[in-house]
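Notes for the one structure printed next.
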Amino acid sequence: MVLHPTSPTSKGHSDNDQSSDLDEKDQNSTDVALGHFQPPVSAADDQERQVNGGLSKPSSRVPKGQGAHGVPFPNGLQVEDGIAAAEGGLGKDKGSCTGILGRTSTASSWNPGPPPDGGLRAWTAVAAAHLINLNTWGYINSFGVFQSYYTTALDLEPSTISWIGSVQVFLLFFVGTFTGRLTDAGYFRETFLIGSAFQMVGIFTTSVSTKYWQIFLAQGVCMGIGNGCLFCPVLATVSTYFDKKRNLAIGIAACGSGTGGLVFPAMARQLLPSVGFGWTIRAIGFVQLFGLTLGCIGLKRRIPPRRTGALVEWAAFKEMEYSFYAAGSFMCFLGVYFGFYYLASFSRDIIGLTYADSLNILLILNGVGVVARVVLNHLADRCGPINVFILTAAAAGILQLSWMGVGSPGGVYAWTAFYGIAGGGIQSLFPAGLSSLTTDLRKAGTRMGMVFTINSFASLTGTPIDGAIISRCGGRYFGAQIFAGCVLLVGGGLLTAAKLARQKRIGGGWLMKV
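Throughout the sequence shown, residue numbering follows UniProt numbering, covering 1 to 514 in sequence.
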């Protein structure tokens, strides 16, 4: 049982205990008026409290001129402000001075305690995040359906069409820089509602679009901004509910991308031939509206806002493991989406499958990814997310290179199953590994948003580069397969460097959980 300093240790206090409490409060008020007050809870104290099961050591008082000057209180006051107020209030109303400083010393309201690591509210947040990932990454992972359809309907090059999907991913990551910081500052609900509005406007305007530029603005830009307002804040919020089970929770939430990758292609497969493009997209929009509604109900902030702080925490890049991790994830995202965007086209153009069968390939790719995300993130809780991420990135790179040897329908189905494991694992392990490098949960949104911005440029350029290589090779895929495989292997190498940097900084052997 965890005992908090403000909680009674037994039922029912005696009258003497209550009198003592009142005397202590009077003494505290006198201390405040004389300029003696408790320092705020720092990040280090916060961590120590979590380690000690929620109990923190009593901190010494800080008289005027000592120690903690310049440390901000939760409501923005500084220690110097409190001293000035105390000194100015000695000849005035003592109650007003006490009221000013009393607001700065309520550590219990500022510290929510350690993450619950489970419970109804925590798992409800995970379920809600799963639905949001269904709307964001699930729709993005289904872009292979639209890649094939737009190439035929609009009679454009694959590299031109892929800009729609790549801009959507770019904005999801890039906007995450700003929305992550807004989430840390306490504007999660406002950011969520703005993202929902952008997503709904984007999906329903896509349904009435007939030209490339219209689809680009609606599906690429508008929905991309909406996704960016949703994904990073939701992920940062969920991570604050868990400690030991954080990787598993993030993995279950990330499974929403696989669920969406099953639902949306299946809807397109059934509805496109019967009701046409417009009503197919509208039906998808109604599914997304339902998911956004439940997500808004189920997601709530757990920790108080961090009002101060820069948009970018440049000090994070002084941590070598953080910098190597950012570079490694950049290379991984430069190559991982080639399979998701071009597998359906490859199945039709090279193997000779029908359009319906090529959509079945996408269903297998995303369906296997659902299971892979849960299993790999559960394994990450035991072995460390970065350790598992390294192996997954290496496997994805090898699979991309082996894709060159696939030449039959059976080979495509087998390759798809294996790549679904590796590709899905990269998508879910990336945020889990990034979360493990963040010790102060109040900075989770900012630090995630920084790496999201870096990866946004990889997502923006990766698939258009693949499409351009395919066009230069006369419609053959081997050049793009080599490119995607090599950058994934380089990404795995950089992630290994991040692991080694982490080991060197905190100590530990090669088998250390990182």
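Ideal placement from N, C-alpha and C gives every residue a C-beta, glycine not left out. Predicted model only: the values in this text are computed from it and were never measured.
- If the five residues before and after Thr191 are omitted, its C-beta is found closer than 7 angstroms to the C-beta atoms of Thr179, Leu182, Thr183, Cys229, Pro233, all from its own chain and listed in chain order.
- In the structure shown, Met331 falls within a helical segment according to DSSP collapsed to helix, strand and coil.
- Scanning its chain for C-beta atoms nearer than 6 angstroms, with the 5 sequence neighbours on each side dropped, one finds no residue around Val263.
- Cα atoms of Gln427 and Ala254: separation of roughly 8 angstroms, rounded to the nearest angstrom.
- Where Lys499 is concerned, the enclosing alpha helix (DSSP H) starts and stops at 478-506.
- Taking the Cα of Val145 as reference, the smallest distance to any Cα among Asn366, Leu359, Ala484 is reached at Leu359.
- Membership of Ala316 in any alpha helix (DSSP H) is not indicated, and neither H nor E is assigned to it by DSSP.
- In this structure Ala396 is not in contact with Val490, their Cβ atoms being roughly 12 angstroms apart against a cut-off of 8 angstroms.
- When Tyr150, Met200, Ser159 are compared, the shortest CA-CA separation from Arg282 is found for Met200.
- Contact between the region 384-403 and the region 418-432 is present: three or more C-beta pairs spanning the two stretches fall below 8 angstroms.
- Between the alpha carbons of Ile421 and Lys443 lies a distance of about 31 angstroms.
- With respect to the 8 angstroms criterion, Arg373 and Gly425 are classified as neighbours on the basis of their beta carbons.
- With contacts defined by Cβ atoms closer than 8 angstroms, Thr280 and Ala268 form a contacting pair.
- Each residue's CA atom was taken as its position, placing Ile454 and Phe330 some 7 angstroms apart.
- Taking 8 angstroms as the cut-off, the Cβ atoms of Trp137 and Gly251 do not count as close.
- Glu157 sits in coil when the DSSP states are folded into three classes, being neither helix nor strand.
- Within the model, the alpha-carbon separation for Ser239 versus Arg246 is close to 6 angstroms.
- Under the three-pair Cβ rule at 8 angstroms, the region 283-298 does not count as touching the region 447-465.
- For the 8 angstroms CB-CB criterion, Asp243 and Asp117 form a contact.
- Of the candidates Ala236, Gly339, Pro305, Leu271, Ala236 places its Cα closest to the Cα of Leu299.
- Between Arg502 and Glu321 the beta-carbon gap is near 4 angstroms, inside 8 angstroms, which marks them as a contact.
- In this model, Phe143 and Val487 are separated by some 22 angstroms (Cα to Cα).
- Taking the CA atoms as reference points, Ala414 sits about 22 angstroms from Phe483.
- With respect to the 8 angstroms criterion, Ile361 and Thr416 are classified as neighbours on the basis of their beta carbons.
- Remark: C-beta atoms of Phe324 and Ala497 approach each other more closely than 8 angstroms.
- The C-beta distance from Gly202 to Gly165 rounds to 13 angstroms, too long to meet the 8 angstroms contact threshold.
- Rounded to the nearest whole angstrom, the CA to CA distance from Arg476 to Arg301 is 49 angstroms.
- Bounds of the alpha helix (DSSP H) holding Gln214 are 212-215.
- For Val388, the enclosing alpha helix (DSSP H) covers residues 385-402.
- The C-alpha of Tyr341 is placed about 21 angstroms away from the C-alpha of Gly492.
- For Arg282, the uninterrupted alpha helix (DSSP H) segment begins and ends at 246-298.
- Close CB contacts of Thr151 within its chain, under the 6 angstroms cut and outside five residues either way in sequence, are with Pro158, Ile161 (chain order).
- Excluding the 5 residues flanking it on each side, Ala468 has same chain C-beta neighbours closer than 7 angstroms at Ser159, in chain order.
- Taking the Cα of Leu289 as reference, the smallest distance to any Cα among Leu437, Leu511, Phe204 is reached at Phe204.
- Membership of Val336 in any alpha helix (DSSP H) is not indicated, and neither H nor E is assigned to it by DSSP.
- At a Cβ-Cβ threshold of 8 angstroms, Gly119 and Leu171 do not count as neighbours.
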